[in-house]
Amino acid sequence: MPSLEFSHPFDLAATLASGQIFHWENPEPGTFVGLIGEHGDHPAILHQPAPDAPVAIHHGDPHTIAHYLGHHHDLPSIQATFPQDAHIAAALAWSPGLRILSQPRWECTATFITSSMKNIPAIRKMSIALRQRFGKEIQIGSHTLHTYPTPETLAAVGETALRQCGLGYRATSLASAAESIASGQVDLAAPAHAQDLETARAHLTQLRGVGPKVADCVLLFAYARHDAFPIDVWVERIILQLYLAKKHKKNRTPAKIREFADTYFGPNRGYAQQFLFHHARHHLTKK
DNA sequence: CTCCAGGTCTCAT
DNA sequence: ATGAGACATGGA
Numbered sequence: 279m280p281s282l283e284f285s286h287p288f289d290l291a292a293t294l295a296s297g298q299i300f301h302w303e304n305p306e307p308g309t310f311v312g313l314i315g316e317h318g319d320h321p322a323i324l325h326q327p328a329p330d331a332p333v334a335i336h337h338g339d340p341h342t343i344a345h346y347l348g349h350h351h352d353l354p355s356i357q358a359t360f361p362q363d364a365h366i367a368a369a370l371a372w373s374p375g376l377r378i379l380s381q382p383r384w385e386c387t388a389t390f391i392t393s394s395m396k397n398i399p400a401i402r403k404m405s406i407a408l409r410q411r412f413g414k415e416i417q418i419g420s421h422t423l424h425t426y427p428t429p430e431t432l433a434a435v436g437e438t439a440l441r442q443c444g445l446g447y448r449a450t451s452l453a454s455a456a457e458s459i460a461s462g463q464v465d466l467a468a469p470a471h472a473q474d475l476e477t478a479r480a481h482l483t484q485l486r487g488v489g490p491k492v493a494d495c496v497l498l499f500a501y502a503r504h505d506a507f508p509i510d511v512w513v514e515r516i517i518l519q520l521y522l523a524k525k526h527k528k529n530r531t532p533a534k535i536r537e538f539a540d541t542y543f544g545p546n547r548g549y550a551q552q553f554l555f556h557h558a559r560h561h562l563t564k565k
């Protein structure tokens, strides 16, 4: 059976549970079943008995899997660009092998459009419902998987059908975004060609339901833009409680938080953000 | 039952 | 530029 050796820390379970991806199944300890590849239609069954152990490939193409898992990321070099402070140190110690995935563009865009004002279990539930109702069924061993529905499919089924998957007001946004992609009005290849982050963001925020936060998530998780720094309620808490705690009110505004994030955390700040986010969700109090 | 969730959009200063 | 409300649904 083929396996993937990582020369730097890698923790499959932590990576898949860190709020960047929502569809993977975990039928037994250490085993994960999901769909990957450019269009999210390539099944993979992976087994990692413990963090940093080799990843056994029970099913799937090793090259596609390696790319998806960020196998080529030089984690020590990436982490060396982070600021050295106690909060970063704690986050790195909590899950040293956390990696940023390379997700399918549309799947990532769509799931984060549905993510607003929902907790992670709810995002997963909506995502699974959409897949089961409108995705293509894929049988792999004893597992039945469903691809994330294409823009064409979601545009065709319409908003009402999407509401029945529990999307609420997000159905309007998802239906509109799907239509924009399906019609060719917005091209998800464009952000990949953009030089600067601002241009890449501008391509994505043309879509309904994609604001600055979702755009940064998509750039980070689907376009390997590790300089994109999503600021959600958790990251805002982290920065306000841990970094700007003593600052005057005037320096704790959204604009100041953004400015701090973009200058303090370095060129791989998106990566740093994911370590902080994952750690905070398990340790930080809501204040 | 109440509170809140990996926000965005609109419309008001 | 900055701030207040509305928005639908379900998990905790």
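If you count the first sequence from 1, you need to add 278 to reach our numbering. Glycine included, every Cβ here is placed at the ideal spot set by N, Cα and C.
In whole angstroms, what is the alpha-carbon distance linking residue i and residue j?
| i | j | result |
| --- | --- | --- |
| threonine 392 | lysine 524 | 35 Å |
| alanine 433 | leucine 347 | 30 Å |
| histidine 504 | isoleucine 314 | 20 Å |
| arginine 479 | tryptophan 512 | 21 Å |
| phenylalanine 300 | serine 405 | 7 Å |
| alanine 467 | proline 329 | 34 Å |
| aspartate 465 | histidine 481 | 8 Å |
| glutamine 473 | serine 451 | 27 Å |
| glutamine 410 | leucine 498 | 26 Å |
| proline 429 | isoleucine 401 | 18 Å |
| valine 311 | lysine 528 | 47 Å |
| leucine 370 | glutamate 514 | 19 Å |
| alanine 388 | histidine 345 | 21 Å |
| histidine 424 | glycine 413 | 5 Å |
| isoleucine 418 | glycine 318 | 14 Å |
| proline 508 | proline 307 | 30 Å |
| valine 333 | alanine 367 | 26 Å |
| histidine 325 | threonine 422 | 18 Å |
| phenylalanine 284 | threonine 438 | 45 Å |
| aspartate 352 | leucine 376 | 12 Å |
What would DSSP say about residue i, mapped onto helix, strand or coil?
| i | result |
| --- | --- |
| serine 281 | strand |
| leucine 423 | strand |
| isoleucine 378 | coil |
| glycine 444 | coil |
| leucine 452 | helix |
| histidine 365 | helix |
| alanine 371 | helix |
| threonine 428 | coil |
| glycine 462 | coil |
| leucine 522 | coil |
Should residue i go down as buried or exposed, given a rule of 16 or more other Cβ atoms within 10 Å for buried?
| i | result |
| --- | --- |
| glycine 436 | exposed |
| aspartate 289 | buried |
| histidine 471 | exposed |
| alanine 558 | buried |
| proline 382 | buried |
| glycine 297 | buried |
| glycine 338 | buried |
| tyrosine 273 | Nothing can be reported for residue 273, as the shown portion of the chain is limited to 279 through 565. |
| asparagine 546 | buried |
| tyrosine 447 | exposed |
| glycine 487 | buried |
| aspartate 494 | buried |
| glutamate 385 | buried |
| histidine 321 | In the sequence as presented, histidine is not what sits at residue 321; that position holds proline. It counts as buried. |
| glutamine 551 | buried |
On the DSSP letters alone, give me the boundaries of the alpha helix (DSSP H) that residue i sits inside.
| i | result |
| --- | --- |
| threonine 541 | 532-542 |
| methionine 404 | 398-412 |
| alanine 470 | 468-471 |
| glutamine 551 | 547-561 |
| alanine 568 | This structure cannot speak to residue 568, because the chain is shown only from 279 to 565. |
Start and end of the beta strand (DSSP E) containing residue i?
| i | result |
| --- | --- |
| glutamine 417 | 415-418 |
Handout entry: Entirely enclosed beta strand (DSSP E) segments - the stretch 281-363, minimum 3 residues
Key = 303-306, 309-314, 320-325 and 333-337, all fully within the stretch 281-363.
Practice task
Ignoring anything shorter than 4 residues or poking outside the stretch 474-511, list the alpha helix (DSSP H) runs there in chain order.
Solution key: 475-482 and 490-500
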